[in-house]
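According to the numbering used here, the sequence shown is numbered sequentially starting from 11. By construction, the Cβ of each residue, glycine as well, lies at the ideal position given by its N, Cα and C atoms. All values derive from a computational prediction rather than experimental measurement. Accompanying notes for the structure given below.
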Amino acid sequence: MGDLVTARLVLHPMTVSEAEQVAAGEPDGSARWAPGYPTDGDVTAARRFLDTCANTGNPQPFGNYEIRRRDNSQAIGGLGFHGPADDNGSVTIGYGLIQSARGKGYASEALRALLLLAQTHGATRVKGDADHNNLASQHVMTAAGMQPAAEDEHVKYFEITWTGTTTNTDPHS
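Written as structure tokens, this is what we have:
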């Protein structure tokens, strides 16, 4: 699985070795981490990815991706899937950026690319959620084409669905 490249970002599929470094918070000499990376969310996602790899094998393309800026190759966050698609073709996503990278549209740009990847690899539904008070994350999901699907007392749930087999690569359809 190669890197996914967007206008300003590179979504790099994490290897087991890279995930181990993120989980430990200790980069090797070749890692280019922006100050503040990895966040607690990145560490949690790396550990979940490592558990999946150990239990069922590498789930790529439904694994974790490091979000890197194209202009300097620094890791500024992560996004990915909580695991491979279920029997109905449904996957759950998560994402996060370091504080200094927020508010610049990077998360929406990265999520749009991830949604396109999911669709082209056979996912029929992508789900995500955000706390009620996390308006920025809710905006990221709607900006990427996801729609509110449900909510409970703590969380709003979002999703995007595609029906049938399609060659359409527009994540907004």
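Just to confirm, is the Cβ distance from residue i to residue j under 7 angstroms?
i           : j           : result
residue 67  : residue 77  : no
residue 151 : residue 74  : no
residue 71  : residue 127 : yes
residue 20  : residue 33  : no
residue 29  : residue 84  : no
residue 118 : residue 153 : yes
residue 49  : residue 115 : no
residue 62  : residue 93  : yes
Run the CB neighbour count on residue i, radius 10 Å, all protein chains shown included, and call it buried at 16 or more, exposed below.
i           : result
residue 147 : buried
residue 109 : exposed
residue 121 : buried
residue 58  : buried
residue 124 : buried
May I ask you to list the residues that DSSP assigns as paired with residue i?
i           : result
residue 91  : 103
residue 138 : 168
Under 6 angstroms Cβ to Cβ from residue i, same chain only, skipping five residues before and after it: list those, please.
i          : result
residue 18 : 80
Excluding the 5 residues preceding and the 5 following residue i in the sequence, name in chain order all residues of the same chain whose CB lies nearer than 7 angstroms to its CB.
i           : result
residue 169 : 135, 136, 137, 156, 157 and 159
Any 3 or more C-beta pairs closer than 8 angstroms across the segment 95–105 and the segment 129–145: Under the Cβ criterion (8 angstroms, minimum of three pairs), the segment 95–105 counts as touching the segment 129–145.
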